[in-house]
Structures are given as structure tokens and as C-alpha cells.
Amino acid sequence: MKYKSTRGGAEGSSFEDALFSGYASDGGLYVPEVLPVIPKELLSSWKTSPPSYQQVVLEVVKLFVGEDEIPLDVLETCINQAYKEFDTSKVIEIQDCKDANGSNYRVVELFHGKTKSFKDYALSLVGRLLQYFVSKRNSHATILVGTSGDTGSAAIEAVKGLKGLDIIVLYPKGKISEVQELQMISVTEDNVHVFATEGTSDDLDVPIKKSFPAPGLMSINSINWARIMIQIAHYVYLSTLEQLQPIDIYVPTGAAGNLSAGLLASLMGVPVNLYSATNLNDTVALLINKGKLAFGGTVLETYSNAMDIRHPYNCERVLYFLSDSQTVASIMKNEEEYESVIPVDLHEKLRKYIKGALKVDTPTTLETIRECWKLNKYMICPHTATAVAFCTQQNKEKVGETSKPKPYVIATASPEKFPDAAIAAELPSIDCNYNLANGLLQKLKSRERKEPKQMKKGENWFQILQAEISLVTPK
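Quick note, the sequence shown lines up with residues 1 to 475 if you use the UniProt record's numbering.
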């Protein structure tokens with residue numbers, strides 16, 4: 001399998017090239033030159049013999065990475081190591097819930113990794129793949145990560161202490177939860193370098209993007225193809241739980257990496273209907289519902305802070321897989337502060353695979369958290385709540401339908417990470433399990449800390465970042 005940029009450049013790149021990169025030289029994102037289809041006989045076998053999550057990951061990755069790059073036994077070992085320390089042997093747990101309509105939905109708990117967010121599922125494996133290649137070629141790579149909440153800690157956890165790798169993480173000071181911040185600054189390994197920035201997650205993405213491409217510099221944000229590739233397995237696995245019958249999946253959406261993976265699963269032959277939930281930062285919802293691409297603008301702060309993004313860069317991958325490089329290159333010109341309407345035929349195709357999107361405001365998010373607890377004695381995080389709200393709306397509209405697909409809601413993070421949202425939702429402190437969040441918070445507070453470096457307003461963040469990259473890169 002070879003890779004190229006969504007905008008047409010970097011043709012003939014290897015998986016290793018794509019893994020150890022950020023943006024391609026033409027500003028696009030790496031994608032496979034040919035999108036494979038999951039063999040029908042494999043899907044059929046899973047109807048009668050349901051696979052484990054690890055088995056699904058293996059089969060998905062094999063479609064995109066040849067044995068000439070990673071031998072099968074090495075890949076199997078990497079996958080087994082990646083998930084062996086998750087807190088459930090199933091890796092993913094499913095919680096059955098009811099909404100106010102009396103309709104059922106299933107919550108997909110993608111938060112059983114070390115940092116309690118769905119980012120652990122891809123990054124735990126990405127860390128092993130990086131370690132394999134770095135060891136094989138006896139080289140060094142500097143990883144550059146911008147985080148709006150959960151990616152930073154998951155990336156740090158995946159590579160901390162690994163020889164041949166340094167990681168630099170930028171996060172928006174005061175715009176993430178205390179748990180999220182402590183998960184990053186309480187890691188003391190020498191190869192971890194953290195910056196607190198006075199701005200939004202979109203602000204810190206500017207110097208990061210400007211840094212690429214550069215020799216020895218890479219990203220494991222969801223601009224990295226490996227993240228998207230591994231996340232395809234979520235959707236394949238969920239489909240196997242229903243013997244490959246069509247299912248509806250509601251996806252909390254920030255940078256649209258998870259949504260991109262769901263689209264790819266669908267294009268590869270998995271019968272999933274996708275629904276995207278955003279918070280007040282509704283760039284993706286505008287694209288899906290109206291065909292309008294509007295990057296930039298003021299980032300609005302919400303309780304679902306990992307989705308506080310106005311430049312969801314994986315929209316580019318979504319548009320590419322439904323069109324071609326020439327179309328994407330035309331659409332994405334001047335994308336930093338850009339508004340356009342995508343071609344009508346492309347929008348129609350987009351709606352074929354992503355059935356709809358909903359912007360969920362803060363009062364609705366909190367009400368959904370409260371209602372889910374009241375009806376199910378089950379707590380959800382504010383990101384998950386946006387998807388539950390959308391699912392509840394759709395269930396209400398579909399009352400009386402007899403052949404509707406089962407709805408699944410992606411839970412992207414544990415509620416333990418967001419005690420402030422539980423308090424704002426006025427959940428009962430005695431009955432509700434959000435006191436566990438305070439337990440997690442106290443545990444993190446007791447750890448040794450490595451205070452973050454600073455990027456302040458008015459300073460040249462790009463120069464500061466380049467100086468840090470130079471400092472950690474072996475001469």
C-alpha cells in the first residue's frame with residue numbers, strides 16, 4: 001500500500017513515511033492511494049464467529065500496511081501489547097440505556113485506556129509502531145502535538161520514556177479540565193516537553209502547522225494517518241456485534257478524525273449510518289447539513305472542550321474520500337480563514353454516508369447528562385452528551401418505525417475527567433458516581449509535577465517552538 005496527499009502530492013509514500021510525518025509538503029493530509037475493501041468472506045465469518053476487538057484491529061491494519069514494512073508477527077505483538085493494560089479484557093464495553101422517549105440506545109465506552117479517552121485506542125498502538133520503526137532504523141523523531149483536551153495526555157502516555165522519541169505538547173491554558181491538565185504535567189519522563197499557551201486550540205495549531213514538513217518532525221494528532229486507520233476498527237467491531245446488520249452510530253465531533261474513520265469503514269463495506277454531533281463550534285455540522293465549509297472564527301468555550309475546534313482538519317479527508325485530489329485542492333485553498341460552498345453533487349454524496357449533524361448547545365448538553373443519570377443511573381461526559389442528545393432527537397422522530405437500525409452512541413471520554421460538568425448538570429453528589437472524578441483528581445494532584453513551559457500572548461510562538469524542537473533534536 002502506498003500513500004499520497006489529499007491534494008495530490010507526495011505520491012508513492014510508504015506507510016512509514018506517512019506515520020513519521022505531519023502535513024504533506026503541499027499542505028494536505030496523507031491518505032492511501034487506493035482504499036481497500038474488507039473481504040466479504042471475512043465479514044461473513046464474523047457473523048457466525050464474532051471477533052475480539054484486537055482481531056478486528058489486526059485485520060484492518062493488514063489492509064493498509066504490508067508485511068514488507070511490518071511483519072505480521074511484529075504487528076500482532078504490537079497490537080497485543082497496546083491493549084493489554086486496558087482496564088477491561090474486552091477493550092470496549094457497551095452500556096445499554098433508555099432515553100425519555102422510552103427508546104433504547106447503546107453507549108460505546110471508548111475510555112478504558114490509561115488516560116480514559118478514546119484517543120488511547122489508536123495512540124497506544126501508534127506508540128508501539130513508532131518504537132518498532134525507530135528501533136529498526138536506529139533514528140530519532142520529534143513528535144509535535146496540539147491538544148484541545150484529551151489528545152495530549154494520550155499521546156504522552158503512548159510514548160513517554162521511549163528511546164529515540166521526544167514529544168512536545170501544546171495545550172490551551174485555562175481551557176481544559178484540571179484532570180486533563182494534570183494528566184500532562186504530572187509526567188516527568190525526560191522525553192516529554194509540555195507548553196501551556198495563552199490562546200485556543202486553533203491558535204496553537206498555527207505554529208504547529210507552520211513547522212511542517214521538516215526532517216525528523218512528526219505529529220500524532222489526527223492529522224496522522226495511523227490514527228484514522230486504527231479508529232476504523234471501532235466501527236467494524238460495533239457492526240460485528242449486530243452480525244453486520246446496519247446500525248446507526250452517533251459520533252461526538254471535534255477535529256473529525258473519528259468521523260473520518262467511520263466514513264472509511266462505510267466505504268470499505270461496513271453497514272454503518274453516521275450521525276455527527278458538535279457543540280457550539282459547529283463547523284462540521286454546517287458542512288454536513290448545508291454543504292458550507294467555514295474554517296476559522298472565534299472558538300467558543302464549552303464543557304466538551306476537546307470539541308472546541310473551528311478548524312476540523314479531517315474534513316479534508318472526508319471530502320477527499322468522496323471526491324478527488326483536484327476537487328480538494330480547489331476547496332481547501334486559503335483554508336485558514338475560508339468560507340465556501342462545496343459542489344452540490346459532493347454534498348449529496350456526503351449526506352448519503354453521513355445522514356445528519358446536530359449542533360448541541362450547553363444547556364442541552366447539561367440537561368442530557370442530567371436526564372441520562374435520572375433514567376439510567378449512568379453518567380456520561382459532556383462530549384458523549386452531545387451525541388446522546390442527537391440520538392434522543394432522532395429516536396423521537398423515528399417512534400413507530402419497526403425496522404430502524406439499532407442506535408449506538410460513541411462515548412469518547414470517561415465522566416471521571418469532567419467533574420465540573422457533573423456539578424453544572426446538578427447531579428446528586430451522594431448518589432452519583434462523579435465523586436470518582438474527585439478521586440481521580442486527588443490521585444493526580446498527589447503526583448510529582450513538571451511545570452509546563454509558557455507561550456504568552458504577543459510572543460512569537462513559532463520561534464519558541466522551533467527553539468524547543470532544536471533543543472530536543474540530537475545534533
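Ideal placement from N, C-alpha and C gives every residue a C-beta, glycine not left out. Please read all numbers here as calculations on a predicted model, not as lab measurements.
So, residue i versus residue j, is the Cβ gap smaller than 8 Å?
i, j, result
"threonine 327", "phenylalanine 118", "no"
"alanine 100", "glutamate 426", "no"
"glycine 262", "asparagine 314", "no"
"glutamine 95", "tyrosine 408", "no"
"alanine 155", "isoleucine 143", "yes"
"valine 61", "methionine 229", "yes"
"lysine 175", "threonine 147", "no"
"aspartate 205", "histidine 347", "no"
"serine 414", "lysine 116", "yes"
"methionine 307", "asparagine 289", "no"
"tyrosine 23", "isoleucine 309", "no"
Using three-state DSSP, classify residue i as helix, strand or coil.
i, result
"methionine 218", "strand"
"histidine 193", "strand"
"glutamine 231", "helix"
"proline 452", "coil"
"isoleucine 464", "helix"
"glutamine 243", "coil"
"lysine 445", "helix"
"isoleucine 380", "coil"
"aspartate 345", "helix"
"valine 32", "Valine is not the amino acid found at residue 32; the sequence shown has proline there. Residue state, collapsed to three classes: strand."
"serine 25", "coil"
"isoleucine 168", "strand"
"aspartate 17", "helix"
"valine 236", "helix"
"serine 103", "coil"
With a 10 Å radius around its C-beta and 16 neighbouring C-beta atoms as the bar for buried, classify residue i as buried or exposed.
i, result
"glutamate 41", "exposed"
"alanine 467", "exposed"
"aspartate 120", "buried"
"leucine 217", "buried"
"glycine 458", "exposed"
"arginine 317", "buried"
"asparagine 80", "exposed"
"valine 145", "buried"
"threonine 77", "exposed"
"glycine 152", "buried"
"leucine 72", "exposed"
"aspartate 166", "buried"
To the nearest angstrom, report how far apart residue i and residue j are at their CA atoms.
i, j, result
"glycine 254", "alanine 285", "10 Å"
"asparagine 305", "serine 186", "20 Å"
"isoleucine 469", "alanine 122", "25 Å"
"leucine 264", "valine 57", "14 Å"
"lysine 163", "lysine 47", "42 Å"
"glutamine 394", "proline 343", "27 Å"
"methionine 332", "serine 219", "20 Å"
"lysine 127", "lysine 398", "It is worth fixing the name first, because residue 127 is glycine in this sequence and not lysine. Roughly 42 Å between the two C-alpha positions."
"glycine 161", "valine 251", "33 Å"
"isoleucine 247", "glycine 66", "30 Å"
"valine 272", "tyrosine 235", "7 Å"
"serine 13", "lysine 2", "5 Å"
"glutamine 454", "glutamate 301", "21 Å"
"serine 260", "proline 452", "32 Å"
"tyrosine 171", "aspartate 150", "10 Å"
"serine 44", "phenylalanine 111", "29 Å"
"serine 211", "lysine 404", "47 Å"
"asparagine 376", "glutamate 401", "23 Å"
"lysine 445", "glutamate 198", "23 Å"
"isoleucine 70", "lysine 4", "19 Å"
"valine 299", "isoleucine 464", "23 Å"
Residue i lies in the alpha helix (DSSP H); which residues open and close that run?
i, result
"arginine 370", "362–376"
"leucine 274", "Looking at the DSSP string, leucine 274 is not in any alpha helix (DSSP H); the run it does join, the beta strand (DSSP E), is 272–278."
"cysteine 315", "315–321"
"proline 207", "201–210"
"isoleucine 423", "419–424"
"tyrosine 53", "53–64"
"lysine 292", "Looking at the DSSP string, lysine 292 is not in any alpha helix (DSSP H); the run it does join, the beta strand (DSSP E), is 292–294."
"glutamate 85", "Run containing glutamate 85: none; DSSP gives neither H nor E here."
Hey, quick one: how far does the beta strand (DSSP E) through residue i stretch, first residue to last?
i, result
"glycine 356", "354–359"
"glycine 146", "141–146"
"tyrosine 121", "Not the beta strand (DSSP E): tyrosine 121 falls in the alpha helix (DSSP H), residues 119–137."
"serine 5", "3–5"
"valine 37", "Taken as a continuous stretch (DSSP letters only), valine 37 belongs to no beta strand (DSSP E), as it is neither H nor E."
"isoleucine 410", "406–411"
Using only the heavy atoms of the ligand HEM, determine whether one of them is closer than 7 Å to the beta carbon of residue i.
i, result
"lysine 396", "Inclusion of the ligand HEM in the displayed structure is not the case, the ligand content being empty and no account of it being possible."
Give a yes or no on whether 8 Å exceeds the smallest Cβ distance from residue i to chain C.
i, result
"threonine 298", "The structure shown contains no chain C; it holds only a single protein chain."
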